[in-house]
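Printed below as a string of structure tokens:
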């Protein structure tokens, strides 16, 4: 790799002169330009300092070479989709491997620059080194340890409570003389409780989620088979899988936690009964190009008042009073955003609620795995 394949910054700023050149080169954020082969063509001083490389050492490398291996697939997929024009931009949190082998975590936002003919010429990204910020806040975090542990305990209690509800329902059904095949659902619930415990250990050790490419319809259908044991008799359940072979790159266990929380909330919102719909589909979110899928959980329940709808994702805020822990929807939001997606909510008092989990549609690969 030689410096002469680098992109002169003046090529980007010919219209605005040295002011833009100075701002970019001096920005506290890492900034870079990549070509369609995902190779660096320009890097500013902050990015070099952040990664421990000189500019000459970075120019010509692909950004995947300095991305932590477990984060490469999601990063590559989203970057390629931006260059193909399927999405206008994306933002992810990823880990970078510095020159000395140490890791830093950065919030990266990326988009593209098009030529006069509309063809994508360059990709441009900014990287905010949140590791440095975290280190500065470490002393504060030490004082907040008790609060963090309380939050984690509430999180665990919430999910385990959902699973144990199923165990209790199946046990009561068996005691009432229901067919023995229902023990399979009981065993399934216990297996998931064990997986939840493993998830806690993963969190405590700060291990990354086990993301892989999965068929969205298969994932949701698999969950639905389990969810039927979670739904009380007075609630009708309807599953509709219409994503037509779309795939997502997620940790299946994490996504089942998302769906479990949403389904439990939907059931709680219909104490007098109603219809619970679980659907998948391809979608085009506002201000975004094609290439997304949505999982919708819709109920016919009491709805959410306007005055509190904006707070439903706040930690420890509950619409259920003392009956709720207030962590379920904050868990949902955290998991979905970590996978490059977002959550929408539509609700009117006494007219029901719909939550949409919107995720990037990942291009299928030959080694794609089902559930």
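Numbering (the working numbering), first residue to last: 117 to 487. We put the CB at the ideal spot given by N, CA and C, even for glycine. Quick caveat: nothing in here was measured; it's all calculated off a predicted structure.
Bridge partners - residue 78, DSSP secondary structure assignment = With the chain covering 117 to 487 only, the question about residue 78 has no answer from this structure.
inquiry  = I need the boundaries of the beta strand (DSSP E) containing residue 57, first residue and last residue.
reply    = Any question about residue 57 goes unanswered here, given that the chain covers just 117 to 487.
CA nearest to the CA of residue 223, picked from 164, 359, 356, 147 = It is 147.
message = In whole angstroms, give me the CA-to-CA distance for residue 375 and residue 461.
response = 14 Å
ask   = With distances taken between CB atoms, is the gap from residue 368 to residue 194 smaller than 8 Å?
value = no
key: Boundaries (first-last residue) of the beta strand (DSSP E) holding residue 390   = 390-399
ask   = Is it a yes or a no for the segment 413-422 touching the segment 334-343, going by three-plus beta-carbon pairs under 8 Å?
value = These segments do not touch.
message = Going by C-alpha to C-alpha distance, which of 355, 160, 478, 398 sits closest to residue 329?
response = Out of 355, 160, 478, 398, 478 has the C-alpha closest to the C-alpha of residue 329.
ask   = How about residue 413: is its C-beta nearer than 8 Å to some C-beta of chain D?
value = Considering every chain present, this structure includes no chain D. It has just one protein chain.
request  = Spell out the partners DSSP gives residue 411 in its beta bridges.
outcome  = 396, 473
key: For residue 179, the first and last residue of its enclosing alpha helix (DSSP H)   = Where residue 179 is concerned, there is no enclosing alpha helix (DSSP H), given that its DSSP letter is neither H nor E.
query = How is the alpha helix (DSSP H) around residue 360 delimited, first residue to last?
reply = Here residue 360 belongs to no alpha helix (DSSP H), and DSSP marks it neither H nor E.
inquiry  = So for residue 369, helix, strand or coil by DSSP?
reply    = helix
key: 7 Å Cβ shell around residue 326 - same chain, five flanking residues per side excluded   = 367
query = What's the gap between the Cα of residue 234 and the Cα of residue 357?
reply = 36 Å
query = Taking the Cβ atom as the reference point for each residue, do residue 331 and residue 361 lie within a distance shorter than 8 Å?
reply = yes
key: residue 159 - containing beta strand (DSSP E), residue span   = 156-159
key: Span of the beta strand (DSSP E) around residue 235   = From DSSP, residue 235 is part of no beta strand (DSSP E); its letter is neither H nor E.
Within 8 Å, strictly: CB atoms of residue 228 and residue 199 = yes
inquiry  = DSSP has residue 170 in a bridge; who is on the other side?
reply    = Residue 170 pairs with nothing; no bridge assigned.
request  = Pick helix, strand or coil for residue 331, following the three-state DSSP scheme.
outcome  = strand
message = For residue 447 and residue 395, I'd like the C-alpha separation in whole angstroms.
response = Going by the C-alpha atoms only, they are around 20 Å apart.
task = Using DSSP bridges, identify the partner residues of residue 463.
result = 469
query = In this structure, does DSSP put residue 418 in helix, strand or coil?
reply = coil
message = Taking 8 Å as the limit between beta carbons, can you name the residues of its chain near residue 463, skipping five residues before and five after?
response = Shown here for residue 463: same chain residues with a beta carbon closer than 8 Å to its own, the five before and five after excluded, namely 419, 420, 425, 469, 470 in chain order.
ask   = Between the beta-carbon of residue 347 and the beta-carbon of residue 383, is there less than 8 Å?
value = Their beta carbons are under 8 Å apart, which means residue 347 touches residue 383 by this criterion.
DSSP-derived helix/strand/coil call for residue 191 = If DSSP states are grouped into helix, strand and coil, residue 191 belongs with the helices.
query = Taking C-alpha atoms, which residue in 183, 230, 457 lies nearest to residue 399?
reply = 457
query = So which of 165, 155, 150, 154 has the shortest CA-CA distance to residue 142?
reply = 165
query = Would you call residue 378 buried or exposed, if buried means 16 or more other Cβ atoms sit within 10 Å of its Cβ?
reply = By the neighbour-count definition (other C-beta atoms within 10 Å, threshold 16), residue 378 is a buried residue.
query = In its own chain, which residues sit with a C-beta less than 7 Å from the C-beta of residue 230, not counting the 5 before and 5 after it?
reply = Residues of the same chain with a CB within less than 7 Å of the CB of residue 230, apart from the 5 flanking positions on each side, are 236, 237 in chain order.
request  = Measure the C-alpha to C-alpha separation of residue 385 and residue 352 and round it to an integer number of angstroms.
outcome  = 13 Å
Residue range of the unbroken alpha helix (DSSP H) whose run includes residue 448 = 444-454
request  = Measuring alpha carbon to alpha carbon, tell me which of 192, 429, 211, 151 ends up nearest residue 459.
outcome  = 429
key: Separation of residue 390 from residue 350, as counted between CA atoms   = If I take the Cα positions, the gap works out to 7 Å.
inquiry  = Quick check: the Cα distance between residue 179 and residue 151, rounded to an integer number of angstroms?
reply    = 11 Å
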